[in-house]
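Scroll down for the structure; my scribbles are underneath it.
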Amino acid sequence: MDQDHIDSLLASLLNLVHEYEALQLELSKLTSGVHLNLAKANFAGERGMRYDADHFNGAMRATRGIKITDGEDGVPVFTYKKLDSPPDEEDQEEDEKQEDSPEGESAAAAAQENSEASPEGKDEDKEEQDKKKTKKVNRDPLNRFGLLVPAPLREAKSLSIQMVEQIIPRIASIKARIADVEIEIRRAKKKRAKAEAAAAAAAAQAEKEAAEAS
């Protein structure tokens, strides 16, 4: 029974390793595609323009992330999740400063009087406030290179998204599952070894008792 359980675990491990290697191959292809498209974009780009990490700075924010949950037998499962773009922090701080200043208070009071005097002004003021509340920064990294970016650059972005959303979470999940199965196999082998040692000891004891009796 122990050997059957170990054989089942080994079969599961082989299937997981096969899937893991296939995903690693797919990840390698996507990575090569990203680098190839970046090279094409740089080759066809404007003179002196480079599409590389030098154009990124602290203003960039991730738009995609990984969510970790407990799956079967407590093994972590990694899934893709979309991150909400935070509001423009600089604009938000500037609005708060203006509201706290005397000029800001006067402007707010004047705006309130105008809105109370005119229903249309009230609606416009409410609409403007709603826009400020819902204002978000577009974190698309392509925006750092202008509106008319070359097609290969967009293709590089598409391949990168595919890696983050589809491949990388599955690789991480399978790797965690492989580690768990390997632990189960080691435990099963230790249990089998103890059972075999106990059986051998019992057999030796029985043989000794039989020899003494004769």
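To convert, count from 1 in the sequence shown and add 3; that's my numbering. Note that CB positions come from ideal geometry on N, CA and C, so glycine has one too. Everything numeric in this text was worked out from a predicted model, so none of it was measured.
On the criterion of 16 or more Cβ atoms from any shown chain inside 10 Å, does residue i qualify as buried, or is it exposed?
{"i": "Ser176", "result": "buried"}
{"i": "Arg147", "result": "exposed"}
{"i": "Arg180", "result": "buried"}
{"i": "Lys159", "result": "For clarity, residue 159 is Ala in the given sequence; the question names Lys instead. Buried is the call here."}
{"i": "Asp94", "result": "Residue placement at Asp94 is poorly supported in this model, since its pLDDT is 43, which falls under 50; the coordinates still yield a value, given next. That one is exposed."}
{"i": "Glu99", "result": "Model confidence at Glu99 stands at a pLDDT of 48, short of 50, so the residue's coordinates are unreliable; what they give is reported in the following sentence. Per the 10 Å Cβ criterion, exposed."}
{"i": "Leu28", "result": "exposed"}
{"i": "Ala213", "result": "exposed"}
{"i": "Ala44", "result": "buried"}
Beta-carbon separation of residue i and residue j under 8 Å?
{"i": "Pro144", "j": "Ile69", "result": "no"}
{"i": "Leu86", "j": "Arg67", "result": "yes"}
{"i": "Ala191", "j": "Asp5", "result": "yes"}
{"i": "Glu33", "j": "Leu162", "result": "It should be pointed out that residue 33 corresponds to Leu in this sequence rather than to Glu. Their beta carbons are under 8 Å apart, which means Leu33 touches Leu162 by this criterion."}
{"i": "Ala166", "j": "Leu12", "result": "Per the sequence shown, residue 166 should be read as Met rather than Ala. No. Outside cutoff."}
{"i": "Lys193", "j": "Tyr23", "result": "no"}
Please report the Cβ distance between residue i and residue j, rounded to the nearest whole angstrom; I am assuming they are in contact, meaning their Cβ atoms lie under 8 Å.
{"i": "Leu19", "j": "Val184", "result": "7 Å"}
{"i": "Leu156", "j": "Tyr54", "result": "6 Å"}
{"i": "Ile9", "j": "Arg195", "result": "7 Å"}
{"i": "Pro153", "j": "Ala47", "result": "6 Å"}
{"i": "Leu26", "j": "Ile170", "result": "6 Å"}
May I ask which residues mark the beginning and end of the alpha helix (DSSP H) holding residue i?
{"i": "Val184", "result": "171–216"}
{"i": "Pro155", "result": "154–165"}
Whose CA, out of the options, lies closest to the CA of residue i?
{"i": "Pro79", "options": "Gln208, Arg195, Lys193, Ile174", "result": "Ile174"}
{"i": "Ala14", "options": "Glu187, Asp55, Ala25, Glu49", "result": "Glu187"}
{"i": "Met52", "options": "Lys193, Ala201, Leu151", "result": "Leu151"}
{"i": "Gly77", "options": "Ala201, Ala44, Ala213, Ala182", "result": "Ala182"}
{"i": "Gly149", "options": "Gly36, Gly74, Glu49", "result": "Glu49"}
{"i": "Ala65", "options": "Ala209, Glu168, Glu199, Arg189", "result": "Glu168"}
Assuming residue i is part of the beta strand (DSSP E), what are its boundary residues?
{"i": "Phe148", "result": "Element bounds for Phe148: n/a, residue is neither H nor E."}
{"i": "Thr34", "result": "Per DSSP, Thr34 belongs to no beta strand (DSSP E); it is in the alpha helix (DSSP H), 5–47."}
{"i": "Arg64", "result": "Premise fails: Arg64 is in no beta strand (DSSP E) and is neither H nor E."}
{"i": "Pro79", "result": "79–85"}
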